[in-house]
Amino acid sequence: MEITITSQTENVLLNRKEIGFNITFTGATPSRKMVHEKLAAMLNKPKNQLVIGSLKGRFGLTEVTGDARVYDSAEYLKKIEPEHLQKRGMTEGEETEEGSADAQDAPSGDAAEAS
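Quick note: the sequence shown uses our numbering, first residue 320, plus one each step.
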């Protein structure tokens, strides 16, 4: 998997850099998690300051186009980005405690069927 940065724009108002990139690969399409980790390593930024907005591939091609946003700090990312984008690409250990608490409080399907 090879990532090529095609555009990079500084957004001072939101304290972030907006990055456009292309990925060329062989075999299966790389997962969001793999792209997230490799892009963070390329940019020398912690993974908790990077959000991948979109990954778009075309059928039959071994190329994906995407965009990402790199924040100056994790606090800015948490304030600005939607929660579902914050969770994408994270491993289970990196999930917020609130997210795991919500999953424990939710009723199971068996309890709903018994009623």
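A virtual CB, placed ideally from N, CA and C, is assigned to each residue, including glycine.
Whole-Å CB distance - residue i paired with residue j, under 8 Å assumed
i    : j    : result
K397 : Q405 : 7 Å
R351 : L380 : No, R351 and L380 are not in contact; Cβ-Cβ is about 18 Å, not under 8 Å.
V354 : G376 : About 11 Å; that fails the 8 Å criterion.
A393 : N367 : 4 Å
Where residue i falls: helix, strand or coil (DSSP)
i    : result
E400 : coil
K364 : coil
R351 : helix
L332 : coil
L369 : strand
L380 : coil
G412 : Confidence at G412 is low in this model, with a pLDDT of 48, below 50, so its placement is unreliable and no value can be given for it.
Residue i versus residue j: straight-line alpha-carbon distance, rounded
i    : j    : result
P365 : L332 : 21 Å
N334 : T343 : 29 Å
F378 : T345 : 14 Å
D391 : L362 : 12 Å
E356 : E337 : 17 Å
Chain-order list of residues whose beta-carbon lies under 6 Å from that of residue i (same chain, five-residue window excluded)
i    : result
V383 : I342, L374, G376
E329 : K336
Residues near residue i in its chain [Cβ-Cβ closer than 7 Å; skip 5 each side]
i    : result
E402 : none
I322 : F340, I342, K357, L358, M361
Sequence-distant residues of its chain with Cβ nearer than 8 Å to residue i (five each side left out)
i    : result
Q327 : K336, E337, I338, G339
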